């Protein structure tokens, strides 16, 4: 007798069917992963790609807030699985649909279990690229996610602060030791390209410097207004990179 | 429907196991249905029968078995069953999709903590013979 968790097989199959999976990561919190993930997904959509956007931060999801989606089961449709929700042209899935935006404290193994459950049942029909917003750090969810797709690439995000850069270096070092390609290095909330040299050193494309945009806060919750922000325009300059990353 | 995706997961997992072990058939697949996830056994059973016919491995028998949901609080050690608590329909539906969101909707009936473990009956697990 052999005991098997069938969800892993299915989650892997579903992600294998997605030709590009981009994880947006940083060990440090508060560097702008969620906003970058969302705007980059919108920009890729506007370039002509069919884009999925998955919020993998199960204990503190935020993408639904940036997109202006009211969390709850009302938008979820079932069709031989669960379909992501079309928001601003991007196909979006988040644990927030199931928690209704309420608090969710999970131990590491439970975060893994919830992640694989949702990925096993979520269908991403015909998408060209899946952008995954991840929680800060490298923990169970990251290790699980990296192993689920053969098409994994990472965009590492940092601000120019020394605290953030030190954290970035540790994160990148760990990813590289695991054989995971850091394709892009995002320098966020910055006025000058301080991390360009480091990006070259690790063989990543430099995305930046992305400015602190005072107009962003007003646009949060409205994909149309997000597309009018300076930050969106800056991020949209880098959508062509995905053709080099896979 | 969601049960269809779960049935597909089960069949694909059996196929993967058979391929790894170079088996053309397996005798028995036991599917344990955890009470917490409230899977519709009839719908799942129907989907399994449909998918079984197209599977890359012959599956002689599929048995569906239910498992009672039992929780243990990590704070105070209290143990309770799903039947001991009340849960509204919306919470049940959310937990049906992702059982771990129980931590949003269920608290330890004794101390009120959301830090507890599902001892048994979380969701689907399978055994292959």
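Chains as they are written, first to last, in my numbering: chain F, 11 to 256; chain L, 339 to 467. Heads up, the beta-carbon is just placed ideally off N, CA and C, and yes, glycines get one too. Keep in mind that this is a model prediction, so the values were computed, not measured.
Helix, strand or coil at residue i according to DSSP, with G and I counted as helix
{"i": "residue 258 (chain F)", "result": "In the structure as shown, chain F begins at 11 and stops at 256. Residue 258 (chain F) is therefore absent and cannot be evaluated."}
{"i": "residue 350 (chain L)", "result": "helix"}
{"i": "residue 177 (chain F)", "result": "helix"}
{"i": "residue 57 (chain F)", "result": "helix"}
{"i": "residue 342 (chain L)", "result": "helix"}
{"i": "residue 79 (chain F)", "result": "coil"}
{"i": "residue 185 (chain F)", "result": "helix"}
{"i": "residue 215 (chain F)", "result": "strand"}
{"i": "residue 84 (chain F)", "result": "helix"}
{"i": "residue 64 (chain F)", "result": "strand"}
{"i": "residue 112 (chain F)", "result": "coil"}
{"i": "residue 143 (chain F)", "result": "strand"}
{"i": "residue 422 (chain L)", "result": "helix"}
{"i": "residue 220 (chain F)", "result": "coil"}
{"i": "residue 206 (chain F)", "result": "helix"}
{"i": "residue 132 (chain F)", "result": "strand"}
{"i": "residue 357 (chain L)", "result": "helix"}
{"i": "residue 439 (chain L)", "result": "helix"}
{"i": "residue 28 (chain F)", "result": "coil"}
{"i": "residue 13 (chain F)", "result": "strand"}
{"i": "residue 35 (chain F)", "result": "strand"}
Assigned exposure category for residue i - 16 Cβ within 10 Å defines buried
{"i": "residue 394 (chain L)", "result": "exposed"}
{"i": "residue 399 (chain L)", "result": "exposed"}
{"i": "residue 449 (chain L)", "result": "exposed"}
{"i": "residue 504 (chain L)", "result": "Outside the displayed span of chain L (339 to 467) sits residue 504 (chain L), for which this structure offers no information."}
{"i": "residue 428 (chain L)", "result": "exposed"}
{"i": "residue 390 (chain L)", "result": "buried"}
{"i": "residue 363 (chain L)", "result": "exposed"}
{"i": "residue 350 (chain L)", "result": "buried"}
{"i": "residue 462 (chain L)", "result": "buried"}
{"i": "residue 460 (chain L)", "result": "buried"}
{"i": "residue 57 (chain F)", "result": "exposed"}
{"i": "residue 360 (chain L)", "result": "exposed"}
{"i": "residue 385 (chain L)", "result": "buried"}
{"i": "residue 226 (chain F)", "result": "buried"}
{"i": "residue 121 (chain F)", "result": "buried"}
{"i": "residue 158 (chain F)", "result": "buried"}
{"i": "residue 153 (chain F)", "result": "exposed"}
{"i": "residue 412 (chain L)", "result": "exposed"}
Boundaries of the beta strand (DSSP E) in which residue i is found, first to last residue
{"i": "residue 404 (chain L)", "result": "396-405"}
{"i": "residue 248 (chain F)", "result": "Note, residue 248 (chain F): premise wrong, no beta strand (DSSP E); not H, not E."}
{"i": "residue 150 (chain F)", "result": "No beta strand (DSSP E) contains residue 150 (chain F), which is instead part of the alpha helix (DSSP H) from 150-158."}
{"i": "residue 103 (chain F)", "result": "100-104"}
{"i": "residue 466 (chain L)", "result": "462-466"}
{"i": "residue 165 (chain F)", "result": "162-168"}
{"i": "residue 455 (chain L)", "result": "454-458"}
{"i": "residue 365 (chain L)", "result": "363-372"}
{"i": "residue 97 (chain F)", "result": "95-97"}
Beta carbon of residue i nearer than 8 Å to that of residue j
{"i": "residue 382 (chain L)", "j": "residue 407 (chain L)", "result": "no"}
{"i": "residue 368 (chain L)", "j": "residue 403 (chain L)", "result": "yes"}
{"i": "residue 377 (chain L)", "j": "residue 420 (chain L)", "result": "no"}
{"i": "residue 55 (chain F)", "j": "residue 133 (chain F)", "result": "no"}
{"i": "residue 416 (chain L)", "j": "residue 114 (chain F)", "result": "no"}
{"i": "residue 215 (chain F)", "j": "residue 246 (chain F)", "result": "no"}
{"i": "residue 195 (chain F)", "j": "residue 217 (chain F)", "result": "yes"}
{"i": "residue 221 (chain F)", "j": "residue 241 (chain F)", "result": "yes"}
{"i": "residue 370 (chain L)", "j": "residue 405 (chain L)", "result": "yes"}
{"i": "residue 410 (chain L)", "j": "residue 352 (chain L)", "result": "no"}
{"i": "residue 128 (chain F)", "j": "residue 105 (chain F)", "result": "yes"}
{"i": "residue 102 (chain F)", "j": "residue 79 (chain F)", "result": "yes"}
{"i": "residue 256 (chain F)", "j": "residue 29 (chain F)", "result": "yes"}
{"i": "residue 12 (chain F)", "j": "residue 454 (chain L)", "result": "no"}
{"i": "residue 125 (chain F)", "j": "residue 151 (chain F)", "result": "yes"}
{"i": "residue 33 (chain F)", "j": "residue 142 (chain F)", "result": "yes"}
{"i": "residue 92 (chain F)", "j": "residue 131 (chain F)", "result": "yes"}
{"i": "residue 66 (chain F)", "j": "residue 155 (chain F)", "result": "yes"}
{"i": "residue 41 (chain F)", "j": "residue 200 (chain F)", "result": "no"}
{"i": "residue 52 (chain F)", "j": "residue 233 (chain F)", "result": "yes"}
{"i": "residue 465 (chain L)", "j": "residue 365 (chain L)", "result": "no"}
Unbroken alpha helix (DSSP H) run spanning residue i, endpoints
{"i": "residue 427 (chain L)", "result": "427-435"}
{"i": "residue 413 (chain L)", "result": "No alpha helix (DSSP H) holds residue 413 (chain L); DSSP gives it neither H nor E."}
{"i": "residue 193 (chain F)", "result": "Where residue 193 (chain F) is concerned, there is no enclosing alpha helix (DSSP H), although the beta strand (DSSP E) it sits in stretches over 192-197."}
{"i": "residue 385 (chain L)", "result": "379-390"}
{"i": "residue 234 (chain F)", "result": "233-236"}
{"i": "residue 227 (chain F)", "result": "226-229"}
Counting Cβ pairs, one atom from each stretch, are 3 or more of them under 8 Å apart for the region 154-163 of chain F and the region 80-87 of chain F?
no
Between the region 15-33 of chain F and the region 71-81 of chain F, do at least 3 Cβ pairs fall closer than 8 Å?
no
Below 8 Å, can you find three or more Cβ-Cβ pairs linking the region 35-47 of chain F to the region 144-151 of chain F?
yes
Report yes or no: do the region 173-192 of chain F and the region 200-220 of chain F share at least 3 C-beta pairs separated by less than 8 Å?
yes
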